[in-house]
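So the mapping is simple: our numbering equals the position in the sequence shown, first residue as 1, plus 258.
In this text, a Cβ means the ideal position worked out from N, Cα and C, and glycines have one as well.
Just so we're clear, the structure is a prediction, and the values are computed from it rather than from any experiment.
Read the structure below first, then the notes.
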Amino acid sequence: MKRSQRSISSILRFALVTGVALLLPVASARADIGPKPSMEFSFEYEIEPVPIVGGQLIECEDAACETGKPLETVGPQDFACTENECSSLAYGYAPYHKLIIEFEDQTRESNIFTKQASEASFSVTVSETGLEVEEVRGGAGSCCSGLLFTLVIETLVASAYLSLFRLPRAMLGWVPLSSLLSLPVVWLVFPQLPLSAGLTVALSETFAVLFETGLIYLVARRLLPLKHVAALSLLMNGVSFLFGLALATLRVL
């Protein structure tokens with residue numbers, strides 16, 4: 259039995275290392291199925307409708323947008339356009355924004371605008387010489403579903419881990435609680451920091467793993483050794499990483 263457990267443990271460690279290696283090229287993706295801020299742009303024409311060729315979402319730290327930069331494409335974070343509309347998904351946005359859209363006839367720039375809702379929708383009025391952007395509505399429907407999905411996945415992973423290593427299941431209830439406490443910080447606090455997307459993800463997910471490891475070990479140290487708690491936390495976040503990456507990528511496509 260001990261040899262079997264050692265073999266399973268070795269396989270699990272190999273799977274974790276392999277998973278981390280595979281995720282390094284896309285390490286900028288978030289490790290939870292959290293609600294990511296987004297923008298949806300619909301276009302109304304004061305002129306004859308013109309197909310959209312492409313565009314950029316300029317992110318600015320100042321109200322005059324003097325030092326603006328295009329939204330960085332990192333993992334699922336991107337800005338994309340079809341012939342009729344544009345959209346973006348991001349880990350976090352700058353305070354001010356400007357659209358530069360290339361149409362078949364010419365390139366037009368918008369006014370500088372702000373974003374209020376997490377999942378914001380904008381109406382873009384196209385004139386002969388420019389664009390006028392106005393936020394029309396927003397939603398937060400993915401927040402509850404994302405939270406529920408993450409809690410279910412991490413609890414199922416924890417249950418499987420405890421069964422695999424024949425560990426006490428009395429601490430299973432602490433798994434969703436630890437996630438409930440860490441996810442608001444990961445989803446809402448870290449994206450507001452003035453950091454690059456990759457660094458934001460690295461810091462937020464390191465925090466999630468360390469926080470969940472510390473909390474679970476604090477309440478279950480008589481039931482589980484630290485190495486199992488740490489491995490469990492890493493595995494839970496790794497699995498939710500894969501789900502979050504897949505869902506976010508599908509949303510952008």
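Neighbourhood of residue i by C-beta distance below 8 Å, restricted to the same chain and skipping five residues each side
i    : result
E306 : none
T340 : I310
L414 : none
Beta-carbon spacing of residue i, residue j below 8 Å
i    : j    : result
V382 : S300 : yes
D363 : V443 : no
G312 : E360 : yes
P434 : L409 : yes
I370 : A418 : no
I411 : S436 : no
V432 : A478 : Residue 432 is actually Trp in this sequence, not Val. Against a cut-off of 8 Å, the Cβ pair of A478 and W432 comes out as a contact.
C318 : K294 : no
Member of the options whose CA lies at the smallest distance from the CA of residue i
i    : options                : result
L481 : L457, E463, V459, F423 : F423
V332 : D320, R479, G350       : G350
T329 : A352, C323, I310       : In the sequence on display, residue 329 carries Leu and not Thr. Nearest C-alpha to L329: A352.
L406 : L493, T372, T365, S498 : S498
L446 : P483, E304, S376       : S376
E304 : F501, T372, L389       : L389
A489 : L468, G502, A338       : L468
G326 : G456, Q314, H486       : Q314
Residue i, buried or exposed, once every other Cβ within 10 Å from all chains shown has been counted against 16
i    : result
T387 : exposed
G404 : buried
V459 : buried
C402 : exposed
S440 : buried
Q374 : exposed
S491 : buried
P426 : exposed
E470 : buried
A348 : buried
Assumed close pair residue i, residue j - CB separation to whole angstroms, cut-off 8 Å
i    : j    : result
F380 : E392 : 6 Å
L430 : A416 : 6 Å
Neighbourhood of residue i by C-beta distance below 6 Å, restricted to the same chain and skipping five residues each side
i    : result
M297 : S346, A378
R395 : S379
A279 : Caution applies to A279, whose pLDDT of 42 falls short of 50 and renders its modelled position unreliable; the model cannot decide the point.
Cβ neighbours of residue i in the same chain (closer than 7 Å, five flanking residues each side left out)
i    : result
C323 : I316, Y354, K356, I370
N495 : A289, E463, A466, V467
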